[in-house]
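Residues 14 to 206 in the numbering used here are what the sequence shown lists, from first letter to last. Report on one structure; see the data block that follows.
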Amino acid sequence: MQDEPNVSRRDFLQRLSLFGAASIGAGSLLVGCGGGSGEQGGGSTSSSQTSAAARTQSSGGGGSVAKTVTLHPKGNQMKYKETEFTVPAGKKVKVVFENTATSPSMQHNVVVLTRPPEQKVFRKVGEAGMSAGASNDYVPQDMGDLILAHTPMSKPGETVSVTFTTPGETGDYGYICTYPGHWATMQGTMHVR
Ligand SMILES: [Cu+2]
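Laid out in structure tokens, this is it:
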């Protein structure tokens, strides 16, 4: 478990080398530690994920994390094992995604939406994510109105996270994986209570 809300880049680099957890928005950092011999997933596309990196480490604003939620994929399926979770309203929370899949094609992220779980919204964001492409981690860059927060993309074996402040309004909010083709089945609901 990695409970610290803030991970310095130096610590993060160490984790990269220790655990091979290579994807927390570290496109430029990956270049620096690129000598991995046969390390799986070392050759990720060089992506500029500055915003993802910032969101991963902290949403800022101080205050401690009120709740940490850990999600996983359901085996090697394009599904979340945990299709719902509950968080308090207007609080800082951390969503961790442990990609326990083993199939190389099972790259996943968690994109939390500002809207209730509805297929048409899932489709809109999911298809825009595919269009955004690998260089954007398959996250639409112009949908701030629909996307509340997102983790970086994870390869099998990697753990990624995002810390953010939950909506002040209670209700149900959808989340999906935006890796191409996954949104249609890889869905869940964040209950804000
Ligand atoms: Cu996925």
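Positions of the beta carbon are idealized from the N, C-alpha and C atoms, including for glycine.
For K133, the three-state secondary structure derived from DSSP is helix. Here DSSP, grouped into helix, strand and coil, assigns M166 to coil. Ranked by how close their Cα comes to the Cα of T99, the residues E171, D185, S144 and K137 have D185 in first place. About 7 angstroms separates the beta carbons of A102 and E182, which is inside the 8 angstroms limit, making them a contact pair. By a beta-carbon distance limit of 8 angstroms, M166 contacts Q120. Their separation comes to about 5 angstroms. Taking a C-beta distance under 8 angstroms as the contact criterion, V125 and L161 qualify as a contact pair. Out of E97, D150 and T127, the CA that lies nearest to the CA of P193 is found in D150.
In this structure, T178 keeps its C-beta atom at 8 angstroms or more from the C-beta atom of K94. Residue pairing by DSSP places M203 opposite F98 and Y186 in a beta bridge.
Ranked by how close their Cα comes to the Cα of R206, the residues M143, S116, A147 and V106 have V106 in first place. Minimum Cα-Cα distance from V108 among the listed residues K133, T176 and P86 corresponds to T176. Here N89 has A114, T115, S116 and M119 as same chain residues with Cβ atoms under 7 angstroms from its own Cβ, once five neighbours each way along the sequence are excluded. With a cutoff of 8 angstroms on beta-carbon distance, T191 and N122 are scored as near each other.
By the beta-carbon neighbour count (other beta carbons within 10 angstroms, threshold 16), E111 is buried. In the three-state scheme derived from DSSP, where H, G and I count as helix and E and B as strand, E140 is classed as helix.
In the DSSP assignment, L84 falls within the unbroken beta strand (DSSP E) covering K80 to L84. C-alpha of K137 to C-alpha of M91: approximately 18 angstroms in a straight line. DSSP, reduced to helix, strand and coil, places S174 within a strand of the structure shown.
Inter-residue distance for G201 and T127 is about 13 angstroms (C-alpha atoms, whole angstroms).
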